[in-house]
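Participant:
Number of protein chains: 2
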Amino acid sequence: MRTLLIALAAASALPSIAAAQTMGAAESPALAEAEAALDSDTIAWDFVEGITTEVGPRMPGTEAEARARAWAMAWLRAEGFANIANEPFMMQTWERGAETARVTAPFVQPMHIAALGNSGTTGPDGLTAEVVYFPSYADLVAAPAGSLVGKIAFISHDMRPTQDGSGYGFAGPARWTGPALAASKGAVATVIRSIGTDNQRVSHTGNTTFPEGTTPIPAGALSNPDADNLERVFARAEGRPVTMELLMTPRFIGETESGNVVGEITGRDASLPPVLLACHLDSWDNGTGAFDDGAGCGIIAAAAKHVATYGQPLRTIRVLFAGAEETGLWGSRAYAAAHADEPVFVGLESDFGADRVWRLESNFTGSDPDLYRQLAQAVARFGVGPSTNVATGGADLNLVREQGGPLIDLQQDGTRYFDLHHTENDTLDKIDPVQLRQNVAVWTAVVGVLANHRPAIVQGE
Amino acid sequence: MRTLLIALAAASALPSIAAAQTMGAAESPALAEAEAALDSDTIAWDFVEGITTEVGPRMPGTEAEARARAWAMAWLRAEGFANIANEPFMMQTWERGAETARVTAPFVQPMHIAALGNSGTTGPDGLTAEVVYFPSYADLVAAPAGSLVGKIAFISHDMRPTQDGSGYGFAGPARWTGPALAASKGAVATVIRSIGTDNQRVSHTGNTTFPEGTTPIPAGALSNPDADNLERVFARAEGRPVTMELLMTPRFIGETESGNVVGEITGRDASLPPVLLACHLDSWDNGTGAFDDGAGCGIIAAAAKHVATYGQPLRTIRVLFAGAEETGLWGSRAYAAAHADEPVFVGLESDFGADRVWRLESNFTGSDPDLYRQLAQAVARFGVGPSTNVATGGADLNLVREQGGPLIDLQQDGTRYFDLHHTENDTLDKIDPVQLRQNVAVWTAVVGVLANHRPAIVQGE
Numbered sequence: 001m002r003t004l005l006i007a008l009a010a011a012s013a014l015p016s017i018a019a020a021q022t023m024g025a026a027e028s029p030a031l032a033e034a035e036a037a038l039d040s041d042t043i044a045w046d047f048v049e050g051i052t053t054e055v056g057p058r059m060p061g062t063e064a065e066a067r068a069r070a071w072a073m074a075w076l077r078a079e080g081f082a083n084i085a086n087e088p089f090m091m092q093t094w095e096r097g098a099e100t101a102r103v104t105a106p107f108v109q110p111m112h113i114a115a116l117g118n119s120g121t122t123g124p125d126g127l128t129a130e131v132v133y134f135p136s137y138a139d140l141v142a143a144p145a146g147s148l149v150g151k152i153a154f155i156s157h158d159m160r161p162t163q164d165g166s167g168y169g170f171a172g173p174a175r176w177t178g179p180a181l182a183a184s185k186g187a188v189a190t191v192i193r194s195i196g197t198d199n200q201r202v203s204h205t206g207n208t209t210f211p212e213g214t215t216p217i218p219a220g221a222l223s224n225p226d227a228d229n230l231e232r233v234f235a236r237a238e239g240r241p242v243t244m245e246l247l248m249t250p251r252f253i254g255e256t257e258s259g260n261v262v263g264e265i266t267g268r269d270a271s272l273p274p275v276l277l278a279c280h281l282d283s284w285d286n287g288t289g290a291f292d293d294g295a296g297c298g299i300i301a302a303a304a305k306h307v308a309t310y311g312q313p314l315r316t317i318r319v320l321f322a323g324a325e326e327t328g329l330w331g332s333r334a335y336a337a338a339h340a341d342e343p344v345f346v347g348l349e350s351d352f353g354a355d356r357v358w359r360l361e362s363n364f365t366g367s368d369p370d371l372y373r374q375l376a377q378a379v380a381r382f383g384v385g386p387s388t389n390v391a392t393g394g395a396d397l398n399l400v401r402e403q404g405g406p407l408i409d410l411q412q413d414g415t416r417y418f419d420l421h422h423t424e425n426d427t428l429d430k431i432d433p434v435q436l437r438q439n440v441a442v443w444t445a446v447v448g449v450l451a452n453h454r455p456a457i458v459q460g461e
Numbered sequence: 001m002r003t004l005l006i007a008l009a010a011a012s013a014l015p016s017i018a019a020a021q022t023m024g025a026a027e028s029p030a031l032a033e034a035e036a037a038l039d040s041d042t043i044a045w046d047f048v049e050g051i052t053t054e055v056g057p058r059m060p061g062t063e064a065e066a067r068a069r070a071w072a073m074a075w076l077r078a079e080g081f082a083n084i085a086n087e088p089f090m091m092q093t094w095e096r097g098a099e100t101a102r103v104t105a106p107f108v109q110p111m112h113i114a115a116l117g118n119s120g121t122t123g124p125d126g127l128t129a130e131v132v133y134f135p136s137y138a139d140l141v142a143a144p145a146g147s148l149v150g151k152i153a154f155i156s157h158d159m160r161p162t163q164d165g166s167g168y169g170f171a172g173p174a175r176w177t178g179p180a181l182a183a184s185k186g187a188v189a190t191v192i193r194s195i196g197t198d199n200q201r202v203s204h205t206g207n208t209t210f211p212e213g214t215t216p217i218p219a220g221a222l223s224n225p226d227a228d229n230l231e232r233v234f235a236r237a238e239g240r241p242v243t244m245e246l247l248m249t250p251r252f253i254g255e256t257e258s259g260n261v262v263g264e265i266t267g268r269d270a271s272l273p274p275v276l277l278a279c280h281l282d283s284w285d286n287g288t289g290a291f292d293d294g295a296g297c298g299i300i301a302a303a304a305k306h307v308a309t310y311g312q313p314l315r316t317i318r319v320l321f322a323g324a325e326e327t328g329l330w331g332s333r334a335y336a337a338a339h340a341d342e343p344v345f346v347g348l349e350s351d352f353g354a355d356r357v358w359r360l361e362s363n364f365t366g367s368d369p370d371l372y373r374q375l376a377q378a379v380a381r382f383g384v385g386p387s388t389n390v391a392t393g394g395a396d397l398n399l400v401r402e403q404g405g406p407l408i409d410l411q412q413d414g415t416r417y418f419d420l421h422h423t424e425n426d427t428l429d430k431i432d433p434v435q436l437r438q439n440v441a442v443w444t445a446v447v448g449v450l451a452n453h454r455p456a457i458v459q460g461e
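If you read the sequences in order, they're chains A and B. Numbered continuously in this note's numbering, the first sequence closes out at residue 461. Numbered continuously in this note's numbering, the second sequence closes out at residue 461.
1. Along the segment 195 to 210 of chain B, where does the CB come closer than 8 Å to a CB of chain A? Name the residues.
2. Cβ of residue 110(B) less than 8 Å from any chain A Cβ?
3. Taking only runs of the alpha helix (DSSP H) that begin and end inside the segment 404 to 438 of chain A, which ones reach a length of at least 4 residues, in chain order?
4. Tell me which residues of the segment 228 to 260 of chain A have at least one Cβ-Cβ distance to chain B shorter than 7 Å, keeping chain order.
5. Which partner residues of residue 254(A) appear in the DSSP bridge assignment?
6. Note down the Cα distance separating residue 282(B) from residue 330(B), rounded to an integer number of angstroms.
7. Using beta-carbon positions only, say whether residue 199(B) and residue 224(B) come within less than 8 Å of one another.
8. What residue range is occupied by the uninterrupted alpha helix (DSSP H) comprising residue 74(B)?
9. Reducing DSSP to helix, strand and coil, say where residue 317(A) ends up.
10. Just list the residues that DSSP pairs residue 102(A) with in beta bridges.
11. Within its chain, find whatever has a CB closer than 6 Å to the CB of residue 273(B); leave out the 5 residues flanking it on each side and keep chain order.
12. Return the first residue and the last residue of the alpha helix (DSSP H) that residue 174(B) is part of.
13. Report whether the distance from the Cβ of residue 399(A) to the nearest heavy atom of the ligand COA is below 7 Å.
14. In the DSSP assignment, find the unbroken beta strand (DSSP E) run with residue 43(A) in it and report its ends.
15. Look at the alpha carbon of residue 308(B) and the alpha carbon of residue 83(B), and state the distance between them as a whole number of angstroms.
16. Would you grab the beta carbon distance between residue 278(A) and residue 450(A) for me? Rounded to a whole angstrom, and I think it's under 8 Å.
17. Give, in chain order, every residue of the segment 43 to 70 of chain A whose Cβ lies closer than 8 Å to some Cβ of chain B.
18. Can you give the beta carbon distance from residue 364(A) to residue 406(A), rounded, assuming they're within the 8 Å contact cut?
19. Return no unless some Cβ of chain B is closer than 8 Å to the Cβ of residue 107(A).
20. For the segment 383 to 391 of chain A against the segment 349 to 359 of chain A, do three or more pairs of beta-carbon atoms, one drawn from each stretch, fall closer than 8 Å, so that the two count as touching?
21. Assess, as a yes-or-no matter, whether the segment 106 to 125 of chain B is touched by the segment 47 to 59 of chain A under the definition of 3 or more beta carbon pairs within less than 8 Å.
22. From the DSSP secondary-structure annotation, give me the bridge partner or partners of residue 86(B).
23. What first and last residue would you give for the beta strand (DSSP E) that runs through residue 330(A)?
24. Give the straight-line distance between the Cα atoms of residue 301(A) and residue 43(A), rounded to the nearest whole angstrom.
25. In this structure, does DSSP put residue 310(A) in helix, strand or coil?
26. DSSP has residue 279(A) in a bridge; who is on the other side?
27. Roughly how many whole angstroms lie between the Cα atoms of residue 446(A) and residue 32(A)?
28. Quick one: is residue 86(A) near chain D, going by C-beta distance under 8 Å?
29. Just mark residue 269(B) as buried or exposed, buried being the case when its beta carbon has 16 or more other beta carbons within 10 Å.
30. Which whole-angstrom value describes the C-beta separation of residue 290(B) and residue 426(B), a residue pair presumed to lie in contact below a C-beta threshold of 8 Å?
31. Per DSSP, what are the beta-bridge partners of residue 193(B) in this structure?
32. Tell me whether residue 294(B) sits in a helix, a strand or coil according to DSSP, three-state version.
33. For residue 178(A), which residues from the same chain have a beta carbon less than 7 Å from its beta carbon, with the 5 sequence-adjacent residues on both sides left out?
34. Assuming residue 335(A) contacts residue 260(A) (C-beta within less than 8 Å), just tell me the rounded distance between them.
35. If you drop the 5 nearest sequence neighbours on each side, which residues of the same chain put their C-beta closer than 6 Å to that of residue 69(A)?
36. By the DSSP assignment, the beta strand (DSSP E) with residue 348(B) in it spans what residues?
Structure representation (structure tokens):
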């Protein structure tokens, strides 16, 4: 609680109290709209219910993602957005194949596995090898060079839930770079404990990375219950070798087309840089992309619409439904390249599920305290606190980062996000409509302020 | 609360208060052992941890089930049981094949499906047909004869959790007889909403039954999130036909061997009929059989051992780890046939997970009130209440039912049982060690009374 009180004290010590207070009246229609959205928004739900029902999984670069783009463009049209476009780009596309895993000695039993994005293949005949158990990523780091020749590395580095999602940074390296590290020590394959906080029998997929020029080894994630079981197999093996049979046949299918879908609420002054609201339209292939990131697209579109309800905003509000985020930010990079010379007023992304927003962060909190405080006052009523953390922006905001532009992060409660992340369980039923509407309300309040703010944002160096 | 108070009042109105009270002293070592088990039993956990780790899934009639028998016999030997035996029997064995499901119109997306036991096959090429939606089993019953010719029936009859598991009786028919009923009206296949109370992306398998002489149609269970999604597909189809592509290739592999494993704590008086404690050793092929029913075998064996700890019991305690329960009570029937002429003093089974026992039922509550009250007094300290419900015994107690013998049901809390039942999620991590030990304590108390009770149980007509 102390941190929060200090932050509030800092906010109230900011110079322009009077300015902020005079905003009170002007804010009214915007905040009334935001408060109404808290109780009755249906737009965000309609989007995420629709895309999960009528499209479902939409893997980057596939025909399913193309169907998602067509669906989203039709939806934006029906909702009255202007300047709707698909901005195509090419990408290297990875597809899942068969995937099975089985402990073969000293005991025999099947295990649930999912290949990680960019995983290599075992070939159609699979492979069988002895497994070397690393309780943590640090243990793998400490393994001598060459010590894994012919072996399967098992990295069991586990993850605990945190409200701010910081556990991902702690456990994530096991997935992000563990397979490449194991390969560099001679491993023929890597299995990791899922980077997830649930105990469901579903594997958490997600990308892993191999250095340029190296051959990817097969790399997969066991579900947490399977990783628990494999740890017990080691305990009960009492020194006997533990072997595993793996079959994983993912492949790169070459260059295919993806695309970014954009739409706008046009502002009164076309000469002013737009407010850019981002999410990503693609999803992993196992769930239906409800939490990640159908909800985010629904939230940003709903907020843009609600702001427009009480009058045409000063600035254009652009929504970016980015393509191909999951397998390497292809859409974010393409968008940044295509629009490099178009200034953005401020960028915000929703891509952390559908649970409540609890904290407001920006990268101009100190340099433009008036605006920050105006935003903080607008969202406090929805249970969102201020913070001196510096916003870094969502994955699809490469454009704004490359421009060195203003960013806002509306941090969502991530306590259960990694129960669902990149699994079959990322489905509509996991979305709490009440918390989804709180997101829409907060976004409506924030976007309402931003889209009607004429001065450029003062940024620190 | 009123029901409980009435039941307690009825119990205290029973005639032999004095007799029960004189049992107080004699009970002491038994109850001290039971109370110690509540805090420190390790036997039940050792069994279920061991079999889920060293064997895992153990489908009836398969080599995995044979490994489970060998494992269980070695375990019983190590625990000091006597007269350990495998009693083999032959059975018709069904095995899962490939299984995929995909909505193909008016939208396209994959769905999670698992074939039901006894399901027919689609053949290797699968089948595609229009889906007819039945919100409940009653709706399917009401469908006219011949109305499903060439169609896939979708029965979405859903289930809610109940402490006593009674929701299974409400929702179960959709699985048990729904596919045969749909087939009788011409359906080429049936998909049901999983008979389960979770919203995880796992399908609940389990047996379905087709009448003698009919050809089984393909029958599978969608996970609850998938069934939700299919309902929404129907809502958004707005009258357009919904079609689904199914591939399921399970098959009967003919007659194979299964077996019942038995072991004993031998009593002082071999002329007295034994106390029979049952569980089943087999499991479905998707989980590791922790809740269903590794825990049950661990509980009954632990109780038998604890009773023996404070002195050789008067009567023999026999544990029956039945084979092949899941696909048709093959072990129960074989055991009943093989031992038909051997009287059993009383039969009890543990086969409803590992959550706490909350109610004591028997089929002699009214006819032998002294014994019933002695048992009720022994378990009240563990939070178990009396009941006038008539016990019917577990699935593997066909022998006792056919003998018209005494039965006790130690009812477990089933609130979350059907979250896990017959799914991949039936794994060790779901077992709460504290509640598992409460089971052992209650069973130790009850078996301690029974195995030292000389008079035959007075049974009503």
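All C-beta atoms, glycine included, are put in the ideal place defined by N, C-alpha and C. Because the structure is a prediction, the values reported are computed rather than measured.
Facilitator: In short:
1. 199, 200, 201, 202
2. yes
3. 417 to 420
4. Going along the segment 228 to 260 of chain A in chain order, one finds 228, 229, 232, 233, 236 with a Cβ nearer than 7 Å to chain B.
5. 93(A)
6. 11 Å
7. yes
8. From DSSP, the alpha helix (DSSP H) with residue 74(B) extends over 63 to 78.
9. Shown here, residue 317(A) sits in a strand according to DSSP, grouped into three states.
10. 110(A), 245(A)
11. 343, 344, 345
12. 173 to 176
13. This structure does not include the ligand COA; it has no bound ligands of any sort.
14. Counting along the chain, residue 43(A) falls outside any beta strand (DSSP E), though it belongs to the alpha helix (DSSP H) covering 43 to 54.
15. 15 Å
16. Rounded, the Cβ-Cβ distance is 14 Å, inconsistent with contact.
17. 49, 50, 52, 53, 54, 55, 56, 57, 64, 67
18. The C-beta separation of residue 364(A) from residue 406(A) comes to about 5 Å, placing the pair in contact by the 8 Å criterion.
19. yes
20. yes
21. yes
22. 261(B)
23. Careful: residue 330(A) lies outside any beta strand (DSSP E), inside the alpha helix (DSSP H) at 330 to 338.
24. 8 Å
25. coil
26. 321(A)
27. Between residue 446(A) and residue 32(A), the C-alpha separation is close to 13 Å.
28. No chain D is present in this structure, whose protein chains are A and B.
29. exposed
30. 6 Å
31. 222(B)
32. helix
33. Within its own chain, the residues whose Cβ lies closer than 7 Å to the Cβ of residue 178(A), once the five positions on either side in sequence are excluded, are 137, 140, 155, 190, 192, listed in chain order.
34. 5 Å
35. Correct list, in chain order: 86, 259, 261.
36. Taken as a continuous stretch (DSSP letters only), the beta strand (DSSP E) holding residue 348(B) covers 346 to 349.
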